[in-house]
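Enquirer: By my numbering, the letter at position 133 of the sequence shown is numbered 219, and the numbering carries on one by one without gaps.
Backbone N, C-alpha and C fix where the C-beta goes; we use that ideal spot for every residue, glycine too.
Pasting in a structure now, in structure tokens, and then I'll have a few things to ask.
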Amino acid sequence: MPEPILEIDALEVSYGPIRALRGCSLAVAAGETVVVVGANGAGKTTLLRAISNVLPHAAGEVRFAGQPTRGQRADQLARAGLLQVPEGRGIIARLSVAENLQLAWAMRPGNSTFAQACLPVFERFPRLQERLNQRAGSMSGGEQQMLALARAIICPPRVLLVDEPSLGLSPVMVSEVFSVLRAFRAAGVTILLVEQNVRQALGIADRAYVLRQGSIVAEGSGSSMLADPAMLRYYLGST
Ligand SMILES: Nc1ncnc2c1ncn2[C@@H]1O[C@H](COP(=O)(O)OP(=O)(O)OP(=O)(O)O)[C@@H](O)[C@H]1O
Ligand SMILES: [Mg+2]
87 MPEPILEIDA LEVSYGPIRA LRGCSLAVAA GETVVVVGAN GAGKTTLLRA
137 ISNVLPHAAG EVRFAGQPTR GQRADQLARA GLLQVPEGRG IIARLSVAEN
187 LQLAWAMRPG NSTFAQACLP VFERFPRLQE RLNQRAGSMS GGEQQMLALA
237 RAIICPPRVL LVDEPSLGLS PVMVSEVFSV LRAFRAAGVT ILLVEQNVRQ
287 ALGIADRAYV LRQGSIVAEG SGSSMLADPA MLRYYLGST
């Protein structure tokens, strides 16, 4: 593998007596799209939250661009280019759509105007342009997902961590979300995606890992995993 941009090394995370991650290790090379699949409760959200230092690590290490991330807050990591679109979207509900977009614009390097930065967003999601003054928390689930992805379009990260972006969305919106992820991939953004929509996720993955009870139990190319439904059923059937 070329130099990894993100390395997770023997990571352990516990919620009190519950050991949610047990020596979890994986690596993502720059430019790769890597998918982590796993049944409910396998530890996928915990993994992404631990990578962003939203959860403390009991043991192990995370390295971003070769540097340990220990001690850095999630917002500092986001500024450095490690951005998470969390389960539940991670937008600020009490702010308007425009204000949420402005926060992403404020983090964007360079000196484009807000209007310029928003052009590619409105092209893809015209709905957001119509709803600029609406409170983000009052938008539908699909609209909130558009807004969450719009922030990453305005300020593209080096590594995008995405937790279940298709959860609760209509089939049309799911296709739209995957099309946005493909566009990020084509633009060279490294993606670590957690999805229960296994078929579609593996379809865009260079590589995939199976997480089970907090540990990685299988790894392969997206296409080889797609070609082995029995293996996926075995690992995803139960936690
Ligand atoms: N705040 C918490 N307190 C206690 N236990 C938790 C907490 N959050 C998660 N867990 C437990 O940790 C384990 C991993 O949960 P996690 O949310 O990471 O799973 P997941 O793979 O994202 O599942 P899903 O597919 O349902 O989103 C589960 O057993 C869960 O019950
Ligand atoms: Mg989850």
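1) Is it the case that the Cβ atoms of L187 and I240 are separated by a distance below 8 Å?
2) Considering only the beta carbon of each residue, do V275 and L318 sit closer than 8 Å?
3) Whose CA, out of L218, G167, E305, G223, lies closest to the CA of R180?
4) Helix or strand or just coil, what does DSSP make of R180?
5) Compute every distance between the C-beta of E250 and the non-hydrogen atoms of ligand 1, then say whether any falls below 7 Å.
6) Within the continuous beta strand (DSSP E) that includes R175, where are the two ends?
7) Classify S256 as buried or exposed, calling it buried when 16 or more other Cβ atoms lie within 10 Å of its own Cβ.
8) What are the residues that DSSP puts in a beta bridge with F150?
9) Along the chain, where does the alpha helix (DSSP H) containing E262 start, and where does it finish?
10) Please find out if some non-hydrogen atom of ligand 2 comes closer than 7 Å to the beta-carbon of E173.
Expert: Result, derived from the coordinates:
1) Contact: yes.
2) Cβ distance not < 8 Å, so V275 and L318 don't count as in contact.
3) Minimum Cα distance to R180 is reached at G223.
4) In this structure, R180 counts as coil in the three-state DSSP scheme.
5) Ligand 1 has a heavy atom closer than 7 Å to the beta-carbon of E250.
6) Note, R175: premise wrong, no beta strand (DSSP E); not H, not E.
7) By the neighbour-count rule (16 or more Cβ atoms within 10 Å), S256 is not buried but exposed.
8) DSSP links F150 through a beta bridge to L92, Q153.
9) Start and end: 257 to 272.
10) Set against 7 Å, the gap from the CB of E173 to the closest heavy atom of ligand 2 is smaller.
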